[in-house]
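Numbering (my numbering), first residue to last: 18 to 259. For each residue, glycine too, the CB sits at the ideal point set by N, CA and C. Notes follow the structure.
Listed below in structure tokens is the structure:
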């Protein structure tokens with residue numbers, strides 16, 4: 018948790034600050050009457066970015082990250098709960114919310130459909146659910162990569178597999194011999210759509226967000242072009258039906 022916090026910092030890593038939050042927050046349309054469920058809240062990046070007047074509950078299964086989130090929070094009524102959302106719900110979750118948000122957290126669950134099912138039960142009818150994922154079509158850990166076509170002077174995206182679900186161990190800091198290893202899970206796009214539909218959600222918006230980074234050097238033109246063509250993140254926004 019400490020390594021993760023050092024990397025992500027209080028206001029998020031580069032992509033939180035430059036891509037995810039600037040694109041996501043306007044879509045939420047939060048008001049003082051809104052109630053927010055933050056799925057896999059980590060050290061509370063979203064909690065510190067939303068209006069303080071909103072009701073808020075952050076859920077995570079890391080007690081150490083929740084400890085950091087509570088320490089950094091300055092809003093007394095905002096709450097945090099230690100819980101694995103793929104397991105049966107705790108009695109503390111006996112209320113319903115107007116918004117649920119999962120920022121890069123569902124992809125760290127072996128069976129995220131269970132979390133989607135539990136989220137449905139925690140949302141009011143007509144409530145909004147926002148999922149942010151590493152793009153499942155182009156950004157699959159270890160089995161997608163960049164390549165360069167010398168004849169066309171183009172950088173392309175290579176995919177070695179896509180449809181099959183995949184469990185991928187990820188070393189947080191490969192240069193360190195004692196670096197912690199986390200696990201990420203890949204599912205094809207249809208998995209997410211079908212899981213949401215199964216649990217009474219209707220998708221009303223999909224956005225694909227690219228990296229704003231700009232390269233310099235010999236292949237800068239090709240790198241900048243490909244970065245704009247192959248999105249880094251996928252947003253799925255949906256509504257819980259009555």
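Under the three-state DSSP convention, the category residue i falls into
i, result
"residue 229", "coil"
"residue 43", "helix"
"residue 70", "coil"
"residue 200", "strand"
"residue 113", "coil"
"residue 179", "coil"
"residue 235", "coil"
"residue 155", "coil"
"residue 122", "coil"
"residue 170", "coil"
"residue 251", "strand"
"residue 36", "helix"
"residue 245", "helix"
Terminal residues of the alpha helix (DSSP H) in which residue i lies
i, result
"residue 133", "129 to 138"
"residue 293", "The requested residue 293 is not part of the displayed model; the chain covers only 18 to 259."
Range covered by the beta strand (DSSP E) that runs through residue i
i, result
"residue 206", "Counting along the chain, residue 206 falls outside any beta strand (DSSP E), though it belongs to the alpha helix (DSSP H) covering 206 to 215."
"residue 166", "161 to 166"
"residue 55", "52 to 56"
"residue 106", "It is not in any beta strand (DSSP E) - residue 106 carries neither H nor E in the DSSP assignment."
"residue 98", "96 to 99"
CB of residue i within 7 angstroms of CB of residue j, strictly
i, j, result
"residue 114", "residue 83", "no"
"residue 76", "residue 56", "yes"
"residue 132", "residue 126", "yes"
"residue 254", "residue 155", "no"
"residue 201", "residue 185", "yes"
"residue 109", "residue 98", "yes"
"residue 73", "residue 93", "no"
"residue 239", "residue 172", "yes"
"residue 86", "residue 60", "yes"
"residue 135", "residue 106", "yes"
Rounded distance between the beta-carbons of residue j and residue i, thought under 8 angstroms
i, j, result
"residue 259", "residue 142", "4 angstroms"
"residue 174", "residue 163", "7 angstroms"
"residue 153", "residue 213", "13 angstroms between Cβ atoms; not a contact."
"residue 217", "residue 257", "6 angstroms"
"residue 46", "residue 71", "In fact, because the Cβ distance is near 11 angstroms, the residues do not count as touching under 8 angstroms."
"residue 183", "residue 157", "7 angstroms"
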